[in-house]
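For reference, each letter of the sequence shown is one residue, going 1 to 59 in the numbering used here.
The C-beta atom is built at its ideal place from N, Cα and C for all residues, glycine as well.
The block underneath contains the structure these notes are about, expressed in structure tokens.
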Amino acid sequence: MGKSISCRDAGKTCNWSATAKSEQDLLKITLEHVREHHKELVINSELEKNIKSIMKETN
Ligand SMILES: [Zn+2]
């Protein structure tokens, strides 16, 4: 079991997606992507909460 995320689920016109073994790992990967490609987003606890809320379970 792991976690997956895609920018499309956040309503972004971006084809990026990622998977990781834990929510914490996936959050780290996602924030790196956000820093590089979504500079309009402010990284704060609210954003982290939103990121976690669109993560999906993978098999
Ligand atoms: Zn993206």
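- The C-beta of Met-55 has 16 or more other C-beta atoms within 10 Å across all chains shown, which makes the residue buried.
- Comparing C-alpha distances from Met-1 to each of Glu-23, Glu-32, Val-42 shows the shortest one belongs to Glu-23.
- In the structure shown, the three-state DSSP call for Thr-13 is coil.
- Distance from Ile-43 to Thr-30 at the Cβ level is roughly 10 Å; contact not present, criterion being Cβ atoms closer than 8 Å.
- Counting other Cβ atoms within 10 Å of its Cβ, Lys-3 reaches 16 or more and is therefore classed as buried.
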